[in-house]
Amino acid sequence: MTASAEQTARVALVTGASRGIGKAIAAGLAAAGYTVVGTATTQAGADAIGAMLAGQGGGVVMDVSDAESVTAAMATIQAEYGAPLVLVNNAGITRDNIMLRMKAEEWDAVINTNLNALFRVTRACLKGMTKARWGRIINITSVVGTMGNAGQANYAAAKGGAEGFTRALAREVGSRAITVNAVAPGFIQTDMTEALPEAQRDNLLSQIPLGRLGQVEEIASAVTWLASDGAGYVTGTTVHVNGGMFTG
Amino acid sequence: MSSIEDRVTKIIVEQLGVKPEDVKLEASFVEDLGADSLDTVELVMALEEEFETEIPDEEAEKISTVQAAIDYVKGHA
Ligand SMILES: NC(=O)c1ccc[n+]([C@@H]2O[C@H](COP(=O)([O-])OP(=O)(O)OC[C@H]3O[C@@H](n4cnc5c(N)ncnc54)[C@H](OP(=O)(O)O)[C@@H]3O)[C@@H](O)[C@H]2O)c1
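First to last, the protein sequences are chains Z and E. So the first sequence is numbered by our numbering: it starts at 1 and just counts up by one. So the second sequence is numbered by our numbering: it starts at 1001 and just counts up by one.
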């Protein structure tokens, strides 16, 4: 893909870019010409992101579950790279348990990291986008937010919540040419799905028409498209990338 | 250097796309100058930039008229 001059000048922020889907998104946006800032929870993770991006951006430490960490990281990003005009809220965790056994800590951790983080990071980026009268906010949700999944009530609540947030914010900032969308992956081959037991994996595959798990690059390409100028008329929607396991 | 009144008026004209003569002291941004809620936030951002100050959200909410904007700047910048 050839990058437009605007794209090259734009700073894209990807949370949770040290592994899995976020790492592929950061690489995809860099290949499309953006200056990419990727976040990790550790300095080692941030350094590895910096090495991967090789001068076309860098890695920054940010814990999205902690307001002070977000504020500090945003100040660093603003000073070193300028205001991000593309934001990909990707950082996320799972703490699966059936509801009858779920601990308050498991509920809170998932809501805080997957949903409350959207409030913190998005709010911090909105001023810059409003000022530029251009922006792209892309929230990585999950097919589980729409379908539900036994053992993931906390995660489904957070991801469904993130999709509602996407629709509301799209209406709020549309007049400033800021688009807000979600990308909902199905089951993608990452550390997160590596943790699934064999039997559950086989059962899953039987429900996916394409008969395989998705690859991280297949999420990254949807994100790169939503960030592009060509997707400027798409807002408030959720793009499902799930091998056909859920069809809207 | 132009007066604070002139600088505030200039910003309001630029941000809200209104005529300078409509920017009367008692004019309300929303009711008289056609601003929506996003416009008022952007106006505050522009005032912060012009006068190199940080306006806390609680204060920003009170800046709803031309006079209030001038008073705030005079009191804080
Ligand atoms: N994998 C799937 O099948 C799948 C399916 C649907 C949706 N998703 C969603 O896609 C996103 C990425 O998932 P993934 O599979 O790539 O996950 P992953 O491989 O487990 O990576 C998670 C990423 O999030 C970061 N992270 C975790 N907690 C964080 C925190 N408190 N603050 C900042 N960053 C934090 C991690 O940073 P560290 O490396 O520093 O820990 C890591 O970069 C998530 O939102 C997930 O819910 C994944």
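Note that beta-carbon positions come from the ideal geometry of N, C-alpha and C, so glycine has one too. Since the structure is predicted, the reported quantities are computational estimates derived from the model, not experimental observations.
Distance between Z/A31 and Z/M1 (C-alpha atoms, nearest Å): Here residue 1 of chain Z refers to the residue found at position 1 of the first sequence. Here residue 31 of chain Z refers to the residue found at position 31 of the first sequence. The predicted position of Z/M1 is uncertain, since its pLDDT is 47 and thus under 50; no value can be drawn from it.
CB contact below 8 angstroms: Z/T130 versus chain E: The residue labelled residue 130 of chain Z in the question sits at position 130 within the first sequence. Judged by the 8 angstroms Cβ criterion, Z/T130 is in contact with chain E.
Interface flag, Z/R176 vs chain E, CB-CB below 8 angstroms: Along the first sequence, one-based indexing puts residue 176 of chain Z at 176. It does: the Cβ of Z/R176 has a partner Cβ on chain E nearer than 8 angstroms.
Chain Z contact residues for E/E1042, given Cβ-Cβ distances below 8 angstroms: By 1-based counting over the second sequence, the position of residue 1042 of chain E is 42. The answer, in chain order, is T130, K131.
Burial state of Z/Q152, where buried means 16 or more other Cβ atoms lie within 10 Å: Within the first sequence, residue 152 of chain Z is the residue found at index 152, counting from 1. It is buried - the Cβ of Z/Q152 has at least 16 other Cβ atoms within 10 Å.
Host alpha helix (DSSP H) of Z/T237 (start-end): For the purposes of this step, residue 237 of chain Z is taken as the residue at position 237 of the first sequence. Run containing Z/T237: none; DSSP gives neither H nor E here.
Helix, strand or coil at Z/M1 [DSSP, three-state]: In the first sequence, the residue the question calls residue 1 of chain Z occupies position 1. Low confidence applies here, because Z/M1 scores a pLDDT of 47, under 50, leaving its location unreliable and the question unanswered by this model.
Residue burial classification, E/E1054 (beta-carbon count within 10 angstroms, cutoff 16): Taking the second sequence and counting its residues from 1, one reaches residue 1054 of chain E at position 54. It counts as exposed.
Residue interval of the beta strand (DSSP E) (run including Z/G186): Within the first sequence, residue 186 of chain Z is the residue found at index 186, counting from 1. Segment: none, Z/G186 is in no beta strand (DSSP E) and carries neither H nor E.
Boundaries (first-last residue) of the alpha helix (DSSP H) holding E/I1012: Reading the second sequence from its first residue, position 12 is the one you call residue 1012 of chain E. Here the alpha helix (DSSP H) through E/I1012 covers 1004-1016.
Identity of the residue in Z/N149, Z/T15, Z/A124 nearest Z/A113 by Cα: As a working mapping, residue 113 of chain Z is identified with position 113 in the first sequence. The residue asked about is misnamed: residue 113 of chain Z is Thr in this sequence, not Ala. The option with the nearest alpha carbon to Z/T113 is Z/T15.
Residue closest to E/V1023, alpha-carbon to alpha-carbon, out of E/E1049, E/E1059, E/H1076, E/S1064: Within the second sequence, the letter at position 23 stands for residue 1023 of chain E. With distances taken between CA atoms, E/V1023 lies nearest to E/S1064 out of E/E1049, E/E1059, E/H1076, E/S1064.
Residues near E/V1018 by beta carbon distance below 6 angstroms, same chain, minus five either side: As a working note, residue 1018 of chain E is residue 18 in the second sequence. Taken in chain order, the residues that qualify are L1033.
CB contact below 8 angstroms: E/L1047 versus chain Z: Your numbering for residue 1047 of chain E matches position 47 in the second sequence. Look at E/L1047: its C-beta is not under 8 angstroms from any C-beta on chain Z.
The segment 199-207 of chain Z contacting the segment 166-175 of chain Z, beta-carbon criterion three pairs below 8 angstroms: Here the segment 199-207 of chain Z does not lie against the segment 166-175 of chain Z, with fewer than 3 beta-carbon pairs under 8 angstroms apart.
Closer than 7 angstroms: Z/M256 CB and nearest ligand 1 heavy atom: Chain Z is shown from 1 up to 248; residue 256 of chain Z falls before or after that span and cannot be answered.
CA-to-CA distance, Z/V11 to Z/Y81, given in whole angstroms: Mapped onto the first sequence, residue 81 of chain Z falls at position 81. Mapped onto the first sequence, residue 11 of chain Z falls at position 11. Going from the Cα of Z/Y81 to the Cα of Z/V11 covers about 7 angstroms.
Interface residues of chain E facing Z/K127 [CB-CB closer than 8 angstroms]: What you label residue 127 of chain Z is simply residue 127 of the first sequence in a count that begins at 1. In chain order: M1045.
Test item: CB-CB of Z/T146 and Z/A184 under 8 angstroms: Taking the first sequence and counting its residues from 1, the one referred to as residue 146 of chain Z is at position 146. Taking the first sequence and counting its residues from 1, the one referred to as residue 184 of chain Z is at position 184. For the pair Z/T146 and Z/A184, the CB atoms are nearer than the 8 angstroms cut-off.
Boundaries of the alpha helix (DSSP H) in which Z/I111 is found, first to last residue: Here the question's residue 111 of chain Z lines up with position 111 in the first sequence. Annotation for Z/I111: the continuous alpha helix (DSSP H) segment containing it runs 104-111.
Endpoints, beta strand (DSSP E) assigned at Z/A17: Your numbering for residue 17 of chain Z matches position 17 in the first sequence. Unbroken run through Z/A17: none, as it is neither H nor E.
Environment of E/S1037 [buried if 16+ CB atoms lie within 10 Å]: Your numbering for residue 1037 of chain E matches position 37 in the second sequence. With fewer than 16 other CB atoms across the displayed protein chains lying within 10 angstroms of its CB, E/S1037 is exposed.
Simplified DSSP state of Z/V144, which is helix, strand or coil: The residue you call residue 144 of chain Z lines up with position 144 of the first sequence. Reduced to three states, the DSSP call for Z/V144 is helix.
Contact list for E/L1038 against chain Z, beta-carbon separation under 9 angstroms: Mapped onto the second sequence, residue 1038 of chain E falls at position 38. Here the neighbours are T130, E172, V173, S175, R176.
Exposure label - E/E1061; buried when at least 16 CB within 10 Å: Mapped onto the second sequence, residue 1061 of chain E falls at position 61. With fewer than 16 other Cβ atoms within 10 Å, it is exposed.
Residues near E/K1074 in its chain [Cβ-Cβ closer than 8 angstroms; skip 5 each side]: In the second sequence, residue 1074 of chain E corresponds to position 74, counting from 1. Answer for E/K1074: I1004, listed in chain order.
heavy atom of ligand 1 below 7 angstroms from Z/R19 C-beta: Indexing the first sequence from 1 puts residue 19 of chain Z at position 19. At least one heavy atom of ligand 1 lies less than 7 angstroms from the C-beta of Z/R19.
Proximity below 8 angstroms, CB of Z/I111 to CB of Z/A156: Position 111 of the first sequence, counting from 1, holds the residue named residue 111 of chain Z. Position 156 of the first sequence, counting from 1, holds the residue named residue 156 of chain Z. Z/I111 places its beta carbon 8 angstroms or farther from that of Z/A156.
Identity of the residue in E/K1010, E/R1007, E/L1016, E/P1056 nearest E/T1040 by Cα: Here residue 1040 of chain E refers to the residue found at position 40 of the second sequence. In terms of Cα proximity to E/T1040, the closest of E/K1010, E/R1007, E/L1016, E/P1056 is E/L1016.
Closest Cα partner of Z/G232 within the set Z/I137, Z/A117, Z/G57: The residue labelled residue 232 of chain Z in the question sits at position 232 within the first sequence. In this structure, Z/I137 is the residue among Z/I137, Z/A117, Z/G57 with its C-alpha nearest to the C-alpha of Z/G232.
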